[in-house]
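Enquirer: Counting the sequence shown from 1 gives a position; this note's numbering is that position plus 271. Backbone N, C-alpha and C fix where the C-beta goes; we use that ideal spot for every residue, glycine too. None of these values were measured; they are calculated from a predicted model. What follows is a single structure, and I will ask about it in a moment.
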Amino acid sequence: MGDVADLVRAGGSLREESEFLQVLVENTSQGILTIDTDSVILFANPAIEPILGYTPEELIGSSKMTIIPDRLRSAHQNGLDAFVETGERHIDWDGVELPALHKDGHEVPVMVSLRTHEYRGERVFTGMFTDVTERKQREAALREQKEELEEFADVLSHDLRNPLQVAKAQLALGRHADDTAKREEFFETVDESLDRIDAIIEDMLARARDEGEARAPDTLLLHAIARAAWETVATDDATLTLPDGVWQVRANRSRLRQVFENLFRNAVEHGRRDVAVRVGVLGDAEGFYVSDDGPGFGDDVKAQAVAADGPVGGHYGLHIVGTVASEHGWEMRLADDLGGGARVEFRDVALIEKE
């Protein structure tokens, strides 16, 4: 058995061994600072340098304000003065997260625990510092991941609602149809809606895995994608008018279809049952638009759409549309149609009229 163990067993204490305590303080991974009532730094251990960039020699004798961000210096001094006068604590001394100022000027999030004690008849304050930068980064990454998962779920459920509603409605009609041919027509629409649900799920999963081919553009017929989208939206008595001519556009097939599906559903849900929807080509073929003769966009919705990074007007439809436009490098604008309804324009789109 070693000499140190013998000392402890005999009733001695390492607390009384200054050499042991010095080695402990010098080698701990926590930064340690001691200040007096005038905020002068009396002691700093080597572990403070990896945290704040200062050597102990650089800090000792300086003010603690050296490591306090400018905006917090008054609060720190006022808190110390109040404690010295009244003994009242305004923060949790057992552990409080605070920003400290690194030697190079950037702020470092630290967890600080504090104690006050006497040294040579004077009251001093010792703080134990732990750098929590990595923990904060992990927390931020987890928050971002949670937000992405929530948005993924919201967008998926939003886009599945269209074909699911159509499938339910057509299935109910098919069950009660007397004519065999009509029944087959209803059931064929159900199959198409289920295929659309499967395509949406596959597309979202591919995007979640960041598979580049899921975003690869194709040369598409604008009217064909719009017509296919119309057939998977519960449109009631609404009507769709397509542009004259045959127009080709370079876009991701599934994502362009999402644009039309969301805009068509918005027109039906926010307008009349017989709302008139139009897909048209902008002048000089610089893009295309989707308009309706419904109530149009309020000024608040237009303002939100300019810099929105989430639901616009409480709905995901326009947010999804804006995201798709951004992915393709298109500019999306919300406007009023000539007839007073809503109009969504997509500019900087390469359109080619097919002969």
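Report the three-state DSSP secondary structure of Glu368 (helix, strand or coil).
Expert: Mapped onto the sequence shown, residue 368 falls at position 97. It is a strand residue.
Enquirer: What's the gap between the Cα of Ser284 and the Cα of Gly376?
Expert: For the purposes of this step, residue 284 is taken as residue 13 along the sequence shown, with counting starting at 1. For the purposes of this step, residue 376 is taken as residue 105 along the sequence shown, with counting starting at 1. Residue placement at Ser284 is flagged as unreliable, the pLDDT there being 40, under the threshold of 50; a coordinate-derived value is accordingly withheld.
Enquirer: Below 8 Å on the Cβ atoms is my contact criterion, and I expect Val437 with Ala505 to pass it. Report the Cβ-Cβ distance as a whole number of Å.
Expert: Stepping through the sequence shown from its first residue, residue 437 is reached at position 166. Stepping through the sequence shown from its first residue, residue 505 is reached at position 234. About 5 Å; that satisfies the 8 Å criterion.
Enquirer: Return the bridge partner residues of Tyr560 from the DSSP annotation.
Expert: Taking the sequence shown and counting its residues from 1, the one referred to as residue 560 is at position 289. Answer is Gly551 and Glu616, bridged to Tyr560.
Enquirer: Anyone know if the C-beta pair for Glu222 and Gly558 falls short of 9 Å?
Expert: No answer is possible for residue 222: it lies beyond the span of the chain, which begins at 272 and ends at 626.
Enquirer: Tell me which same chain residues have a C-beta within less than 7 Å of the C-beta of Met336, skipping the five on either side of it?
Expert: The sequence position of residue 336 within the sequence shown is 65, counting from 1. Ser310 and Arg344.
Enquirer: Among Pro317, Val294, Asp307 and Asn349, which residue has its Cα nearest to the Cα of Gln301?
Expert: Residue mapping note: residue 301 aligns to position 30 of the sequence shown, counting from 1. Among Pro317, Val294, Asp307 and Asn349, the Cα nearest to that of Gln301 is on Pro317.
Enquirer: How long is the line joining the alpha carbons of Met603 and Arg544, rounded to whole angstroms?
Expert: In the sequence shown, the residue the question calls residue 603 occupies position 332. In the sequence shown, the residue the question calls residue 544 occupies position 273. About 26 Å.
Enquirer: For Ile472, count the other beta carbons within 10 Å of its own beta carbon; 16 or more makes it buried, fewer makes it exposed. Which is it?
Expert: Within the sequence shown, residue 472 is the residue found at index 201, counting from 1. The residue in question, Ile472, is exposed, as its Cβ has fewer than 16 Cβ neighbours within 10 Å.
Enquirer: For Glu624, does the three-state DSSP call read helix, strand or coil?
Expert: For the purposes of this step, residue 624 is taken as residue 353 along the sequence shown, with counting starting at 1. Strand, per DSSP.
Enquirer: How many angstroms separate the CA atom of Asp608 from the CA atom of Val548?
Expert: Along the sequence shown, one-based indexing puts residue 608 at 337. Along the sequence shown, one-based indexing puts residue 548 at 277. Each residue's alpha carbon lies about 11 Å from the other.
Enquirer: Counting C-beta neighbours from all protein chains within 10 Å, is the total for Pro434 16 or more, i.e. buried, or is it exposed?
Expert: Along the sequence shown, one-based indexing puts residue 434 at 163. With 16 or more other Cβ atoms within 10 Å, it is buried.
Enquirer: Taking Asp375 as part of the alpha helix (DSSP H), name the residues at either end of that continuous run.
Expert: Indexing the sequence shown from 1 puts residue 375 at position 104. Unbroken run through Asp375: none, as it is neither H nor E.
Enquirer: Excluding five sequence neighbours on each side, which residues of the same chain lie with their C-beta closer than 8 Å to the C-beta of Val296?
Expert: Along the sequence shown, one-based indexing puts residue 296 at 25. Hits under 8 Å: Ile303 and Asn316.
Enquirer: So within the stretch 336-368, which uninterrupted alpha helix (DSSP H) runs reach at least 4 residues, ignoring any that extend past its ends?
Expert: List check, alpha helix (DSSP H) in window: 344-357.
Enquirer: Rounded to whole angstroms, what is the Cα-Cα separation between Glu456 and Gln441?
Expert: The residue you call residue 456 lines up with position 185 of the sequence shown. The residue you call residue 441 lines up with position 170 of the sequence shown. Looking at the two C-alpha atoms, the distance is approximately 9 Å.
Enquirer: Based on the DSSP secondary-structure assignment, which residues constitute the bridge partners of Met475?
Expert: Start at 1 with the first residue of the sequence shown, and residue 475 comes out as number 204. Paired residue(s): none; Met475 is not in a bridge.
Enquirer: Near Val592, what residues of its chain come up, given a Cβ to Cβ distance below 8 Å and the 5 sequence neighbours on each side ignored?
Expert: Here residue 592 is taken as the residue at index 321 of the sequence shown, counted from 1. Here the set comprises Gln529, Val530, Asn533, Leu534, Met603 and Val615.
Enquirer: Cα-Cα, which of Val620, Ser334, Met475 and Thr397 is closest to Thr490?
Expert: For the purposes of this step, residue 490 is identified with residue 219 of the sequence shown, where counting begins at 1. That would be Val620, whose Cα lies nearest to the Cα of Thr490.
Enquirer: Taking the alpha carbon of Gln519 as the point to measure from, which residue in Pro488, Phe400, His388 and Ala448 has its own alpha carbon closest?
Expert: Position 248 of the sequence shown, counting from 1, holds the residue named residue 519. Among Pro488, Phe400, His388 and Ala448, the Cα nearest to that of Gln519 is on Pro488.
Enquirer: By DSSP, does Ala522 sit in helix, in strand, or in coil?
Expert: One-based indexing of the sequence shown puts residue 522 at position 251. Residue state, collapsed to three classes: strand.
Enquirer: Tell me which same chain residues have a C-beta within less than 6 Å of the C-beta of Met382, skipping the five on either side of it?
Expert: Locating residue 382 in the sequence shown gives position 111, counting from the first residue. Around Met382: Gly366, Glu368, Thr401 and Val403.
Enquirer: Relative to the C-alpha of Ala556, which residue among Gly588, Phe458, Asp515 and Val546 is closest?
Expert: Numbered from its first residue, the sequence shown carries residue 556 at position 285. Of the listed residues, the one whose Cα sits closest to Ala556 is Asp515.
Enquirer: Below 9 Å between beta carbons: does that hold for Gly569 and Ala538?
Expert: Working through the sequence shown from its first residue, we reach residue 569 at position 298. Working through the sequence shown from its first residue, we reach residue 538 at position 267. Going by C-beta atoms, Gly569 is not nearer than 9 Å to Ala538.
Enquirer: How should Asp430 be labelled, buried or exposed, when 16 other C-beta atoms within 10 angstroms of its C-beta is the threshold for buried?
Expert: The sequence position of residue 430 within the sequence shown is 159, counting from 1. So Asp430 ends up on the buried side.
Enquirer: Could you please give the first and the last residue of the uninterrupted beta strand (DSSP E) stretch that includes Thr594?
Expert: Within the sequence shown, the letter at position 323 stands for residue 594. Segment Gly588 to His599 is the alpha helix (DSSP H) holding Thr594; no beta strand (DSSP E) there.
Enquirer: Among all the DSSP beta bridges, which residues are the ones paired with Arg604?
Expert: Translated into positions along the sequence shown, residue 604 becomes position 333. Answer is Glu616, bridged to Arg604.
Enquirer: Let's test the definition: count the other Cβ atoms within 10 Å of the Cβ of Tyr560 and tell me whether it reaches 16, buried, or not, exposed.
Expert: Walking along the sequence shown from the start, residue 560 turns up at place 289. Answer is buried; the Cβ neighbour count reaches 16.
Enquirer: Report the three-state DSSP secondary structure of Ala538 (helix, strand or coil).
Expert: Position 267 of the sequence shown, counted from the start, is the residue given in the question as residue 538. Ala538 falls in the helix class under three-state DSSP.
Enquirer: So, with DSSP's three-state summary, where would you put Arg454?
Expert: Mapped onto the sequence shown, residue 454 falls at position 183. In the structure shown, Arg454 sits in a helix (DSSP, three-state: H, G or I).
Enquirer: Below 9 Å between beta carbons: does that hold for Glu502 and Glu540?
Expert: Working through the sequence shown from its first residue, we reach residue 502 at position 231. Working through the sequence shown from its first residue, we reach residue 540 at position 269. Cβ atoms of Glu502 and Glu540: not closer than 9 Å.
Enquirer: Could you have a look at Ser333 and say whether DSSP puts it in helix, strand or coil?
Expert: Within the sequence shown, numbered from 1, the residue matching residue 333 stands at position 62. It is coil, neither helix nor strand.
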